[in-house]
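Colleague: Quick note: the sequence shown uses the numbering used here, first residue 3, plus one each step.
The C-beta atom is built at its ideal place from N, Cα and C for all residues, glycine as well.
Pasting in a structure now, in structure tokens, and then I'll have a few things to ask.
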Amino acid sequence: MISSVAVFVDGDNVRPESGAEIRKFAQQLGRLDVVRVYGGAHPASAWMTAPGYRFIYAGAGKNAADLLLSIDAMEMLLFREIRTFVVATSDGDFSHLAQRLRERGARVLGLGEEKTPESFRAACSEFSILSPKTSAAPCKEKLGSEKSHSKLDEQIRRMIVLHSKNGQGMRITELAPKMHKAHGVMISSLPEGTWRAYLSKRPALYELDPRGQEAKVRFFPEGFR
């Protein structure tokens, strides 16, 4: 009997360029009955047009996409009796979901980047690292573009330089007060609503740690040429 597989992608954390790789991986496990990607504060994500995916817009609430993804995954387990899940994210917060699915008898295959915390890796039945080529693709596409970044991005870059130690970046939670004090910028007045959403929407310019109080942001020098 062919296994029924559900694919859940954290669209705020995984880049759209990884879409084909995720589907190819999942197809080896069985029949793809559910293939969804969840987005939060930036509905205009390239995930919306990713072939084979159903994009679920969770709204602009804090962690809205994460919460909705977790609820839907548990619903698929309990009411549709799906037993094989592919969860694509580099966010350690999904460790709780992976553990709960496994406690209920499901097999959880995690996919994420090298930066994925050990907490999520260990919570999965198996964990695989996404190809770095797909992670780097957005940067290559935008190199040389005169409109790849704005004046605001230049201000953010300078702020990161000022507050980064040993190239580790600055804490994302520090952006709001420091950008407001230095430049009068209030992220709540922008369409993205939060700094994480703004930075995540520009993968050619910034690299972010998984969610957390100490999560940092760094910039790609190539994106500012």
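Run through the region 63 to 103 for me and flag every whole alpha helix (DSSP H) of 4 or more residues, listed as ranges in chain order.
Modeller: Fully enclosed alpha helix (DSSP H) runs of 4 or longer: 66 to 81.
Colleague: To the nearest angstrom, report how far apart Ala-108 and Arg-33 are at their CA atoms.
Modeller: Roughly 15 Å separates the two Cα atoms.
Colleague: Which residue marks the beginning of the beta strand (DSSP E) containing Val-37, and which one marks its end?
Modeller: Taken as a continuous stretch (DSSP letters only), the beta strand (DSSP E) holding Val-37 covers 33 to 41.
Colleague: Looking only at its own chain, which residues have a Cβ that is under 6 Å from the Cβ of Glu-143, when we skip the five neighbours before and after it?
Modeller: The pLDDT assigned to Glu-143 is 38, lower than 50, so where the model puts this residue is not dependable; a value taken from the coordinates is nonetheless given after this. So no residue of the chain qualifies.
Colleague: Can you tell me where the alpha helix (DSSP H) with Gly-21 in it begins and where it stops?
Modeller: First-last of the alpha helix (DSSP H) with Gly-21: 21 to 29.
Colleague: Within the same chain, show all residues whose beta-carbon is closer than 6 Å to that of Ser-92, passing over the 5 residues directly before and after it, in chain order.
Modeller: Once the five neighbours on either side are set aside, the close Cβ partners of Ser-92 are Asn-15, Gly-114, Glu-115, Lys-117, Thr-118, Pro-212.
Colleague: So what does DSSP say about Arg-227, is it helix, strand or coil?
Modeller: In this structure, Arg-227 counts as coil in the three-state DSSP scheme.
Colleague: Look at the alpha carbon of Tyr-208 and the alpha carbon of Ala-178, and state the distance between them as a whole number of angstroms.
Modeller: Between Tyr-208 and Ala-178, the C-alpha separation is close to 16 Å.
Colleague: Hey, Ala-52 and Gly-21: beta-carbon distance below 8 Å or not?
Modeller: Taking 8 Å as the Cβ cut-off, Ala-52 and Gly-21 qualify as a contacting pair.
Colleague: Decide if Lys-218 is buried, meaning its Cβ has at least 16 other Cβ atoms within 10 Å, or exposed.
Modeller: Burial call: buried.
Colleague: Which partner residues does Met-172 have in the DSSP bridge list?
Modeller: In the DSSP output, where bridge partners are listed per residue, Met-172 has Val-219.
Colleague: In this structure, how does DSSP classify Ile-4 when only helix, strand and coil are distinguished?
Modeller: Correct three-state label for Ile-4: coil.
Colleague: Between the C-alpha atoms of Lys-153 and Phe-226, what's the straight-line distance to the nearest angstrom?
Modeller: Each residue's alpha carbon lies about 11 Å from the other.
Colleague: Does the distance from the C-beta atom of Asp-68 to that of Asp-95 stay below 8 Å?
Modeller: For Asp-68 and Asp-95, yes; Cβs fall inside 8 Å.
Colleague: Counting Cβ pairs closer than 8 Å, one from the region 123 to 136 and one from the region 178 to 187, do we hit at least three?
Modeller: Too few Cβ pairs lie closer than 8 Å, so no.
Colleague: Do the CB positions of Gly-42 and Ala-206 come within less than 8 Å of each other?
Modeller: Their beta carbons are not under 8 Å apart, which means Gly-42 does not touch Ala-206 by this criterion.
Colleague: Would you list the residues sitting across from Tyr-208 in a DSSP beta bridge?
Modeller: Tyr-208 pairs with Phe-221.
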